[in-house]
Amino acid sequence: MRSSLSLAVLGSLVACVHALSSALNCVSTTSKSGSIPLASSGNVAPLFFAPNEWPAVQRAANDFVTDIRRVTGLTGKLTNVTSTSTLTSQIKNNVPVLIGTLGSSSLIDSVISHAGDAAKPFTAINGSWEAYHAQILSNPLPGVSQAYVIVGADRRGTMFALYELSEQMGVSPWFWWADVPIKQSKSVFLTSTPCAHGSPTVKYRGIFLNDEQPALQNWAAEKFSNNFGGTAGTAVGGDAEFGAMDDPTKAASGTVAGAPFNRFFYTKLFELMLRLKANYLWPAQWGSSFGVDDKLNQFWADYYGIVMGTSHEEPMMRSIPNEWNEFGSGPWDFSANAANITQFWINGTKRAKGFEEIYTVGMRGNGDEPLSEGQDISLLENVVEVQRNIISQVYNITDVTKIPQVWTLYKEVEGFYDDGMRVEDDITLMWTDDNWGNIRRFPLPSERNRTGGSGVYYHVDYVGDPRDYKWIQVMLSF
């Protein structure tokens, strides 16, 4: 399928939830014809998943059980089940909830095998990006007369199904971040109407934590750093200097002392994003380095199922200018310092390998400034060629189109593109606004069938000439 990619800043997450929410009423607080109790009369339906299920789904399933308790006050039981006999011995007279991802769950494999044609609504979503289907199913397994089966086409599809049910039963995605009250109910029922959503129109939907100082950074420092970490510049849990972190094979795991944007902050954000059906993040970068401030940041992003990237000025999964100032050597000038910059990008790619990422390609001047005069189309084309060779080298592949890449046409870079800059067809072109909410141009008909697709980088705040705007009353999307 063609990729499309949308990027915004934090405030725009409000709209994300509506884009992927099911229009169907999957949950009711009263019993309806054909419905089954999820939580009622002091009991919670037993919930099951397979041991080979995605860790991200297992974590989200635990969130779902917690959400049931938040709404009803009743504590459910989530069981990792290895056999049908184990499952049937635990359900007693209850209708169980079976959770899993196509191709990644022995439990769902068994349901599809046993249910035959009745399982076709689940198999129909196979291969569909982030799609899900959930419904009541008769005789899903030997000895089980009825179950509510939740199936995702991939790990985020399964998670989105769970969070959709959570929201419909009364847990707002903003319950923690904005203290939105949870709607209490003594009972929750799952209706007979299938709860389903196909692939979203926009493949990657995300945010950029930019201009985060003073508000977000100071708040995060107060709430999440609490002097967590070791001596500044030293990796916690090891004796490696943080300078060694530019070589991922030598870096110890740990957190920079007092770093506000650590895994404790980001896991709260990751959960919010998933509840809002977002999947893509450009992390904070004014005074922060996602891969350095906390060595577990990248691990936790992937564990939650979040796709990581970096902003328009930060190619190859490196935080610019912070990491270059710390680990780089020489000027941030590819025409004069290509060898050092290339090695810097190689190390960033090695560090990111193994996680779900979208690589930003291209280059801007240090500090998000235009490239020096005379550094233009031919230089940028050379830069991207080097970057794609790095991806090929680090991933040991010849077809670099298998690794998602994006080129953000920000400020002067869009002019280079309009003047004929060559961009490979598989690279997503991210079109930008003018920093004030006015999109400068959309893809022409000849650009709409590119395999890399297109996206939008849209501002709801801005720091720069001719003037800053950072306050909520001037945000155009509100």
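Residue numbers (mature numbering (1 follows the signal peptide of the UniProt record, and there is no 0)): -19 to -1, 1 to 459.
For every residue, glycine included, the Cβ atom is placed at its ideal position computed from N, Cα and C.
If you're wondering where the values come from, they're calculated on a predicted model, not measured in any experiment.
query                                                                                                                    : result
Sub-9 Å separation of residue 125 and residue 114 beta-carbons                                                           : no
Segment limits, alpha helix (DSSP H) that includes residue 95                                                            : 87 to 96
Cutoff 6 Å; reference residue 87; Cβ partners in own chain excluding five residues on either side                        : 31, 33
Integer Cβ distance of residue 297 from residue 326, believed to fall under 8 Å                                          : 4 Å
Span of the alpha helix (DSSP H) around residue 430                                                                      : Unbroken run through residue 430: none, as it is neither H nor E.
Helix, strand or coil at residue 18 [DSSP, three-state]                                                                  : strand
Between the CA atoms of residue 38 and residue 295 - distance to the nearest angstrom                                    : 30 Å
Of the listed residues 111, 91, 145, 409, nearest to residue 121 (C-alpha basis)                                         : 91
Element boundaries [alpha helix (DSSP H), containing residue 250]                                                        : 244 to 256
Residue interval of the beta strand (DSSP E) (run including residue 76)                                                  : Careful: residue 76 lies outside any beta strand (DSSP E) and carries neither H nor E.
Buried versus exposed call for residue 449 [16 or more other C-beta atoms within 10 Å across all chains shown]           : exposed
Ordered list of alpha helix (DSSP H) runs contained in the segment 266 to 350, each at least 4 residues                  : 271 to 274, 278 to 285, 303 to 308, 315 to 333
Helix, strand or coil at residue 150 [DSSP, three-state]                                                                 : coil
Proximal residues to residue 260 (C-beta, below 8 Å), its chain only, five neighbours per side dropped                   : 111, 137, 185, 186, 187, 254, 286, 287, 288
Residues that DSSP places opposite residue 409 in a beta bridge                                                          : 387
Residues bridged to residue 414 [DSSP beta-bridge criterion]                                                             : 420
Where residue 237 falls: helix, strand or coil (DSSP)                                                                    : coil
The segment 187 to 201 touching the segment 154 to 165, judged by at least three CB pairs closer than 8 Å                : no
contact_flag[the segment 100 to 109, the segment 49 to 56] where n(CB pairs < 8 Å) is 3 or more                          : no
Residue 271 vs residue 438 beta-carbon contact at 9 Å                                                                    : no
Spatial neighbours of residue 18 in its chain, beta-carbon cut-off 6 Å, leaving aside the 5 residues before and after    : 170
Residue 163 vs residue 153 beta-carbon contact at 9 Å                                                                    : yes
Range covered by the beta strand (DSSP E) that runs through residue 155                                                  : Segment: none, residue 155 is in no beta strand (DSSP E) and carries neither H nor E.
DSSP state of residue 394 mapped onto helix, strand, coil                                                                : helix
Burial state of residue 374 (16 or more Cβ within 10 Å)                                                                  : exposed
Straight-line gap, residue 440 to residue 447 (C-alpha atoms, nearest Å)                                                 : 15 Å
Closer than 9 Å to chain B by CB, residue 64                                                                             : Chain labels in this structure do not include chain B; a single protein chain is all it has.
Own chain residues within Cβ distance below 6 Å of residue 27, not counting five before or after                         : 58, 71, 72, 75, 77
When 392, 402, 264 are compared against residue 445, the one with the closest alpha-carbon                               : 392
Top-ranked residue by Cα proximity to residue 24, from 42, 49, 15                                                        : 49
Among 35, 41, 443, the one whose alpha carbon lies nearest that of residue 84                                            : 35
Cβ contact (3+ pairs, closer than 8 Å) linking the segment 420 to 439 and the segment 405 to 412                         : yes
Given residue 343 as reference, the closest of 167, 383, 301, 64 once Cα atoms are compared                              : 301
Nonlocal neighbours in the same chain, by C-beta distance under 8 Å from residue 428, ignoring five residues either side : 410, 435
Inter-stretch contact at 8 Å, needing at least 3 Cβ pairs: the segment 360 to 371 / the segment 391 to 405               : yes
Rounded separation between residue 61 and residue 318 - CA only                                                          : 53 Å
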